[in-house]
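Okay, so here's the structure we're looking at.
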Amino acid sequence: MTDLEAPLRRAAPALLGYAAVRALGLVVLAVWSAARGKSAHTLLTARWDALWYTRVADLGYGYEVRLPNGDVHSNLAFFPLLPWLERLMHAVSPLSYADGGLVVSLLASLAAAWGIFAVAEHVYDRTAGVYAVLLWAVLPVGIVQSMAYSESLFTALAAWSLYAALTGRWLTAGSLALLAGLTRPVGLAVVAAVWVAGVTSFVRDRSTAPAPGARKWRCALGLALAPLGAAGYVLWVGHRTGKGPLGYLDVQAGWRNGFDGGAAFARFVGEKFTSFPSALAGVGLIVGVGLVLWLYVVGVRQGQPLPLLVYTGVVTALALCASSYFGSKPRLLMPAFPLLFPLALALARLRISRSAWVVGGVAVASAVYGAFWLNGTGPP
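Following numbering that gives the first Met the number 0, the numbering of the sequence shown begins with 0 at its first residue and continues without gaps.
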């Protein structure tokens with residue numbers, strides 16, 4: 000048995016369960032879309048952010064849209080790793096850029112599921128790992144994992160970088176953090192987690208037996224590599240726009256997106272209570288945010304490793320405190336998979352038959368909601 004076969008066999012139940020849930024979601028989407036006279040393929044590959052990514056892959060950076068209100072939507076807001084991979088898939092196969100992005104996303108979603116399993120198994124046990132993957136699969140916005148978006152790619156890189164950091168594989172952790180930083184702005188969360196893990200390792204080694212010199216150098220090199228992806232792209236954008244190191248913030252401002260500590264989101268929720276029907280949505284948003292914060296606190300109490308808490312905290316803060324695109328917040332929270340670990344542990348304590356009914360029921364609800372949501376008018 001090779002070094003890869005044993006971990007793959009341990010993860011097989013999680014990966015098979017994940018594939019089954021995602022297949023259910025795609026089937027329901029295909030049936031729902033056909034009934035409405037829409038193409039499920041188009042919904043997965045050629046709407047909203049997916050169009051921006053494929054345009055970067057095809058034409059490069061420099062495209063922008065000027066709106067009547069003066070806003071400027073520039074494709075410089077989209078980090079380059081997914082478009083690079085779309086271009087590569089197009090170059091080596093007959094796939095279009097959009098279909099290349101879909102294949103990358105599907106493969107990355109499996110890699111993400113495996114990474115989530117590896118982290119949860121390392122921190123807890125195999126059963127918790129299986130349930131963590133299934134819970135990630137049945138998220139209400141789980142259909143995004145099968146779209147030509149960057150969430151699956153980012154989550155895969157983040158999960159494996161975190162696993163490498165937790166197991167002392169510093170060059171791997173730093174390299175994957177670099178790639179995560181080329182995928183989404185929230186790559187900063189992976190960088191922060193890797194740095195925390197590395198500094199903790201240094202402190203621990205100094206207080207116990209001295210670490211071998213080679214290990215210290217690998218750790219230092221991994222920490223040095225980690226921020227290069229995000230920093231490199233942000234600095235390149237600043238140079239291209241002539242706005243200096245903060246030029247990327249100006250690009251995001253053109254999309255009316257920024258970090259305001261959650262003030263705009265709070266106003267958005269408050270406005271829901273101006274009429275009765277929308278007040279129900281406001282209550283739902285408050286409950287949802289409360290659930291996210293509660294799961295984070297439970298993770299702290301259950302002793303999740305500090306790198307996971309740092310990663311989850313940064314992802315959650317950036318998602319909830321962004322000043323725009325409020326309907327996309329569930330999608331932006333998707334990479335915060337350690338939030339699911341308390342629920343995975345709870346499911347692991349149930350009888351297998353009972354937990355299977357719970358996961359199965361939620362999977363069906365998620366598939367139906369995903370089809371309904373993706374056939375709507377607003378972006379996910």
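The beta-carbon is built from N, C-alpha and C at its ideal position, and this holds for glycine as well.
Cutoff 7 angstroms; reference residue i; Cβ partners in own chain excluding five residues on either side
i      : result
Arg183 : Phe78, Ser149 and Phe153
Pro341 : Leu294, Val297, Gly298 and Gln301
Tyr62  : Arg54 and Asn74
Leu44  : A small correction: the amino acid at residue 44 is Thr; Leu does not occupy that position in the sequence shown. So the list reads Ala97, Asp98, Gly100, Leu101 and Ala147, once near-sequence residues are dropped.
Pro304 : Val122 and Leu165
Ala171 : The question names Ala, but residue 171 in the sequence shown is Thr. So the qualifying residues of the chain are Ala163.
Leu7   : none
Leu319 : Gly261, Phe264, Val288 and Lys328
Met0   : The pLDDT assigned to Met0 is 47, lower than 50, so where the model puts this residue is not dependable; a value taken from the coordinates is nonetheless given after this. There are no such residues.
Ala76  : Val250, Gln251 and Trp254
Leu245 : Gly237
Val103 : Leu81, Leu84, Glu85, Met88 and Leu152
Proximal residues to residue i (C-beta, below 6 angstroms), its chain only, five neighbours per side dropped
i      : result
Pro82  : Tyr52, Val55 and Ala56
Ala335 : Thr311, Val314 and Thr315
Val185 : Val314 and Leu317
Leu344 : Ala127
Ala29  : Ala39
Met333 : Glu150
Host beta strand (DSSP E) of residue i (start-end)
i     : result
Val64 : Glu63 to Arg65
Val71 : Val71 to Ser73
Where residue i falls, given that 16 or more other Cβ within 10 Å makes a residue buried
i      : result
Gln144 : buried
Arg86  : buried
Phe258 : exposed
Pro93  : exposed
Ala136 : buried
Ile351 : exposed
Asp124 : exposed
Ile285 : exposed
Pro337 : buried
Gly260 : exposed
Ser277 : exposed
His89  : buried
Ala347 : buried
Arg217 : buried
Ser460 : For the chain, the structure presents residues 0 to 379; residue 460 sits outside this window and is missing.
Ala33  : exposed
Ala11  : exposed
Val91  : exposed
Ala229 : buried
Trp31  : buried
Gly375 : exposed
Val64  : exposed
Ala197 : In the sequence as displayed, the identity of residue 197 is Gly instead of Ala. With 16 or more Cβ atoms within 10 Å of its Cβ, Gly197 is classed as buried.
Bridge partner(s) assigned by DSSP for residue i
i      : result
Phe258 : Ala321
Host alpha helix (DSSP H) of residue i (start-end)
i      : result
Ile115 : Tyr96 to Val122
Thr44  : Ala39 to Thr44
Lys328 : Lys328 to Leu331
Pro226 : Here Pro226 belongs to no alpha helix (DSSP H), and DSSP marks it neither H nor E.
Ala158 : Glu150 to Leu165
Ile285 : Phe275 to Arg300
Lys253 : The question names Lys, yet the displayed sequence has Gly at residue 253. Segment Gly246 to Gly253, the alpha helix (DSSP H) holding Gly253.
Trp169 : Trp169 to Gly180
Phe371 : Ile351 to Leu373
Val143 : From DSSP, Val143 is part of no alpha helix (DSSP H); its letter is neither H nor E.
Val91  : Leu80 to Val91
Pro341 : Phe340 to Ala347
Gly128 : Arg125 to Ala136
Own chain, CB closer than 8 angstroms to residue i, minus 5 neighbours either side, in chain order
i      : result
Arg255 : Asp70, Ser322 and Ser323
Gly269 : Gly281
Val195 : Leu305, Pro306 and Val309
Ala49  : Leu43, Ala97, Gly100, Met146, Ala147 and Tyr148
Val189 : Leu156, Ala157, Ser160, Leu161, Leu175, Ala176, Ala179, Gly180, Ala225 and Tyr310
Ala191 : Val309, Tyr310 and Val313
Check your understanding: When the Cβ atoms of the segment 126-136 are set against those of the segment 173-180, are three or more pairs found closer than 8 angstroms?
Key -> no
Exercise for review: Please determine if the segment 10-22 and the segment 98-116 are in contact, where contact requires at least 3 C-beta pairs separated by less than 8 angstroms.
Suggested key: yes
Review point. With contact counted as at least three CB pairs below 8 angstroms, one residue from each stretch, are the segment 117-124 and the segment 155-164 in contact?
Key: yes
Exercise for review: Evaluate the contact criterion for the segment 362-371 versus the segment 329-336: three or more CB pairs, one atom per stretch, below 8 angstroms.
Suggested key: no
Exercise for review: Count the C-beta pairs between the segment 16-35 and the segment 355-366 that are closer than 8 angstroms, then say yes if the count reaches three, no if not.
Suggested key: yes
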